[in-house]
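Participant: Residues 166 to 366 in our numbering are what the sequence shown spells out, letter by letter.
Virtual Cβ for every residue (Gly too), placed ideally from N, Cα, C.
These numbers come from a predicted model, not from an experiment.
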Amino acid sequence: MINPEFKVGDIIACSGHAWQSFLINILTYGIPGYHASHVGILGEYGGELLLFESTTLDELPCVIQGKQCDGVKAVRLKDRVEQYSGRMWHYPIYRPLFGNEANRLNNFLCAKIGTPYDKIGAIRAGGIGWSWVESLLHREDLSFIFCSELCAAAHTQIGLLRTDNVSRWNPNRFVRRERRERILRKPRRLTCDDFVQPCFS
166 MINPEFKVGD
176 IIACSGHAWQ
186 SFLINILTYG
196 IPGYHASHVG
206 ILGEYGGELL
216 LFESTTLDEL
226 PCVIQGKQCD
236 GVKAVRLKDR
246 VEQYSGRMWH
256 YPIYRPLFGN
266 EANRLNNFLC
276 AKIGTPYDKI
286 GAIRAGGIGW
296 SWVESLLHRE
306 DLSFIFCSEL
316 CAAAHTQIGL
326 LRTDNVSRWN
336 PNRFVRRERR
346 ERILRKPRRL
356 TCDDFVQPCF
366 S
């Protein structure tokens, strides 16, 4: 049973033990193990709240496609937390979405399922100065998507985030911007206890 505190539009951030996570944090001015090297967003499909993310490092099958794949996929948050080697945080958005906002966000996320991972875009979004320069040279392109690009595009779709280029946001920069603008509330650590079925006697 998923914790009722989770809602459509919330952000899930990760910081893993693998070298890729360490490198992403260093390049995006984060502290490995304490800042975000990967982000995903909660959306709904078939009445179930799922974690939508774009990655090449997760072996969980996509719930919507029914198979393992790289790029944009939807997985059960419980499964992701249980299999993840590292820390995870829940960043709630500051208010529940209105019905039309949630529908638009869910439709956008579901339409992006299966979109290939954007390795080049993720590199371009690297550091603060580098991503700003790259955003001037390259328009946003959602034919390939990396993790924070997906989250930034989803929040832009419903007017939460204002940006001229969703492809410029790396995980740390995206989370910092949305915290600064009070789109996201203070995070809390995620553990397997968040998914324990309550017992009633």
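Taking all protein chains shown into account, do 16 or more other C-beta atoms lie within 10 angstroms of the C-beta of Asn-271, making it buried, or fewer, making it exposed?
Facilitator: That one is buried.
Participant: Could you tell me whether the Cβ atoms of Phe-217 and Leu-274 are closer together than 9 Å?
Facilitator: Result yes, Cβ atoms of Phe-217 and Leu-274 sit closer than 9 Å.
Participant: For the candidate residues Ser-180, His-200, Ile-229 and Ile-176, whose alpha-carbon lies nearest to that of Leu-207?
Facilitator: Here the closest residue by C-alpha is Ile-176.
Participant: Cα separation between Ile-323 and Arg-344?
Facilitator: Cα-Cα distance, rounded: 17 Å.
Participant: With a cut-off of 8 Å, do at least 3 Cβ pairs link the stretch 249-257 to the stretch 224-234?
Facilitator: Taking 8 Å as the limit for Cβ pairs, the verdict is that the stretch 224-234 does not touch the stretch 249-257.
Participant: Just to confirm the assignment: which complete beta strand (DSSP E) runs, minimum length 3, are found wholly within the stretch 179-256?
Facilitator: List check, beta strand (DSSP E) in window: 203-210, 213-220, 236-240 and 251-256.
Participant: Just verifying my parser: in three-state terms, what is the DSSP assignment at Leu-262?
Facilitator: Leu-262: coil per DSSP, three-state reduction.
Participant: Using alpha carbons as the reference points, say which of Ile-348, His-320, Asn-330 and Arg-245 lies closest to Cys-179.
Facilitator: Ranking Ile-348, His-320, Asn-330 and Arg-245 by Cα distance to Cys-179 puts Arg-245 first.
Participant: Let's test the definition: count the other Cβ atoms within 10 Å of the Cβ of Lys-284 and tell me whether it reaches 16, buried, or not, exposed.
Facilitator: Result: exposed.
Participant: Between the C-alpha atoms of Cys-316 and Lys-172, what's the straight-line distance to the nearest angstrom?
Facilitator: Spanning the two alpha carbons is a distance of roughly 14 Å.
Participant: For Phe-365, collect the residues of the same chain with a Cβ closer than 6 Å to its Cβ; drop the 5 residues on either side in sequence, then sort them by chain order.
Facilitator: For Phe-365, the pLDDT reaches just 42, beneath the cut-off of 50, and the residue's location in the model is therefore unreliable, although a value from the coordinates is still provided. None.
Participant: Exposed or buried, Glu-314, counting other C-beta atoms within 10 Å across all chains shown (16 or more means buried)?
Facilitator: Glu-314 is buried by the Cβ-count criterion.
Participant: Taking the alpha-carbon positions, what's the Glu-266 to Ser-219 distance?
Facilitator: Cα to Cα, Glu-266 sits roughly 22 Å from Ser-219.
Participant: Determine whether the beta carbon atoms of Val-204 and Pro-336 lie at a separation below 9 Å.
Facilitator: Going by C-beta atoms, Val-204 is nearer than 9 Å to Pro-336.
Participant: What does the alpha-carbon distance come out to for the pair Gly-236 and Cys-312?
Facilitator: If you take the alpha carbons of Gly-236 and Cys-312, they lie about 9 Å apart.
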